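Chemist: In this note's numbering, the protein residues as written are 54 to 458.
Backbone N, C-alpha and C fix where the C-beta goes; we use that ideal spot for every residue, glycine too.
Nothing here was measured: the structure is a model prediction, and the numbers come from that model.
Encoded as structure tokens, here's the structure I'll be asking about.
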């Protein structure tokens, strides 16, 4: 038996997306070509873009198709920074601790290569960036603030950020805000037009960019999108044919766009019902863990403030990686809250940003559910957990230095 509870990493392709993908791979025609085959490909691509844009609450011209969430994040952060820093007098970039490494590594690259003055903002104990903390950081940065970025829902602990309030703060300071919505997409409603209106975002200030990825909602790997407001001005990463608003050059992936749209259509239609279903499964799993391992600590916020399919625990006295491997041997796939580099366990940078101890950060486990998860999957995990935990706790922590960021 194999049980998959790592949907935050990637979720199985939906049948609708797989069918649309395989059918579309048979199409011939470059959407930039003016002959009938090319124009047919363009028509199908633009129809798909409209569906993707609708799932984000934006106009189709504002949906830039990319190769995935990482490219979307890089394009937004580097593009906004380069444009805002053209005169060299606005080098401050603000981000909360605990962001995804696609954001962290991009910002550290800007700091190392382009002189960005990084200002990392603290999270509260639940993993949220409080608007007053953001306000204070922007006030300190003053006119040197180039941009800010925040994750909509944390990919590890599932914390949902108060994005409307954060965008309002950014708009008031005249600073563009990028939102990493990769983990949240398909699990919580996203409507950028409403968010911009509520936060009084206008022009190049407030929420102007938002990143998503197809494979998180049952689409194919290698396809993503960047919402980019009409008013946003950025420098492109890629130069060539200027196919998408002169922002993202390159022959567009028609089949990928069609499959992405198929997944987006289903995920949007099922969002409310699926969120309720996953929340019920998650709550049953959380209660089951507490009964079987009373010392386990649930990380992150209460029910309504976290992703519906996310459960994240610290298990005292053991390495999260040991627990992962033992569960995998029992046929259950989960994830840790830590990265493993060259076989050396590294504490979860998210938990560390939340003020947790190194020990808690090393003993973390992330369980994430998705559209294929069933009650039987939850039962299988709960059955396998006690034995795996006993063995992992017996092994204890690795006797080696733990690298810190």
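Looking at residue 445 and residue 375, is the spacing between their C-beta atoms short of 9 Å?
Modeler: yes
Chemist: So, with DSSP's three-state summary, where would you put residue 450?
Modeler: coil
Chemist: Give me, in chain order, the residues of the same chain whose beta-carbon lies closer than 7 Å to that of residue 440; leave out the 5 immediate sequence neighbours on both sides.
Modeler: Nothing listed; no residue qualifies.
Chemist: Out of 174, 278 and 331, state which residue places its alpha-carbon closest to the alpha-carbon of residue 306.
Modeler: Of 174, 278 and 331, the smallest CA-CA separation from residue 306 is found for 278.
Chemist: In the DSSP assignment, find the alpha helix (DSSP H) that holds residue 333 and state where it starts and stops.
Modeler: Bounds of the alpha helix (DSSP H) holding residue 333 are 307 to 345.
Chemist: On a Cα-Cα basis, can you pick out the residue from 373, 169, 171 and 187 that is closest to residue 177?
Modeler: Just measuring C-alpha positions, the residue of 373, 169, 171 and 187 sitting nearest residue 177 is 187.
Chemist: Under DSSP, the beta strand (DSSP E) around residue 420 begins and ends at which residues?
Modeler: 417 to 421
Chemist: Residue 150 lies in the alpha helix (DSSP H); which residues open and close that run?
Modeler: Note, residue 150: premise wrong, no alpha helix (DSSP H); not H, not E.
Chemist: For a quick check, are the C-beta atoms of residue 266 and residue 235 less than 9 Å apart?
Modeler: yes
Chemist: What does the alpha-carbon distance come out to for the pair residue 67 and residue 316?
Modeler: 6 Å
Chemist: Cβ of residue 221 within 9 Å of Cβ of residue 193?
Modeler: For residue 221 and residue 193, no; Cβs fall outside 9 Å.
Chemist: Helix, strand or coil for residue 101? Go by DSSP, reduced to three states.
Modeler: helix
Chemist: Going along the chain, which residues of its own chain have a beta-carbon closer than 6 Å to the beta-carbon of residue 295, five neighbours each way excluded?
Modeler: 302
Chemist: By DSSP, does residue 393 sit in helix, in strand, or in coil?
Modeler: Low local confidence applies: a pLDDT of 42 at residue 393 is under 50, so the model's placement there is unreliable, with the coordinate-based value given in what follows. Annotated three-state conformation of residue 393 is strand, per DSSP.
Chemist: Candidates 182, 181 and 159: which alpha carbon is nearest residue 171's?
Modeler: Comparing alpha carbon positions, the residue from 182, 181 and 159 closest to residue 171 is 159.
Chemist: Tell me, please, which residues DSSP counts as bridged to residue 207.
Modeler: DSSP, once it has assigned bridges, lists no residue as partnering residue 207.
Chemist: What separation, rounded to the nearest whole angstrom, lies between the Cα atoms of residue 413 and residue 207?
Modeler: 18 Å
Chemist: Go through its chain and collect everything with a Cβ distance to residue 449's Cβ below 7 Å, but skip five positions before and after it.
Modeler: 370 and 371
Chemist: Would residue 401 be called buried (16 or more neighbouring beta carbons within 10 Å of its own) or exposed?
Modeler: buried
Chemist: Can you give me the start and stop residues for the beta strand (DSSP E) that residue 52 sits inside?
Modeler: In the structure displayed, the chain extends from 54 to 458; residue 52 sits before or after that span and is not available.
Chemist: Got a sec? Which residues, its chain only, sit under 8 Å from residue 435 by beta carbon, not counting five neighbours each side?
Modeler: 338, 341, 342 and 345
Chemist: Give the range of the beta strand (DSSP E) segment to which residue 116 is assigned.
Modeler: 116 to 119
Chemist: Could you give the C-beta distance for residue 321 and residue 61, rounded to a whole number, given that I count them as a contact under 8 Å?
Modeler: No, residue 321 and residue 61 are not in contact; Cβ-Cβ is about 19 Å, not under 8 Å.
Chemist: Would you mind sorting residue 425 into buried or exposed? The rule is 16 or more other CB atoms within 10 Å of its CB.
Modeler: exposed
Chemist: Let me know the secondary structure DSSP gives residue 212 once reduced to three states.
Modeler: DSSP places residue 212 in strand when its eight states are reduced to three.
Chemist: In whole angstroms, what separates the C-alpha of residue 125 from that of residue 261?
Modeler: 13 Å
Chemist: Contact defined as beta carbons within less than 8 Å: I believe residue 136 pairs with residue 286. What is the distance between those atoms, to the nearest angstrom?
Modeler: Right, their Cβ atoms sit about 5 Å apart.
Chemist: Between which residues of its own chain and residue 73 is the CB-CB distance below 7 Å, once the five residues before and five after are set aside?
Modeler: 311, 312 and 315
Chemist: Could you give the first and the last residue of the continuous beta strand (DSSP E) run that contains residue 368?
Modeler: Note, residue 368: premise wrong, no beta strand (DSSP E); not H, not E.
Chemist: Starting from the Cα of residue 308, find the closest Cα among 85, 324 and 94 and give me that residue.
Modeler: 94
Chemist: Run through the DSSP bridge pairs and tell me what residue 173 is partnered with.
Modeler: According to DSSP, residue 173 shares a beta bridge with 148.
Chemist: So, for residue 460: in the same chain, excluding its five sequence neighbours on each side, which residues have a beta-carbon less than 6 Å away from its beta-carbon?
Modeler: No information on residue 460 is available, as it lies outside the stretch 54 to 458 that the chain covers here.
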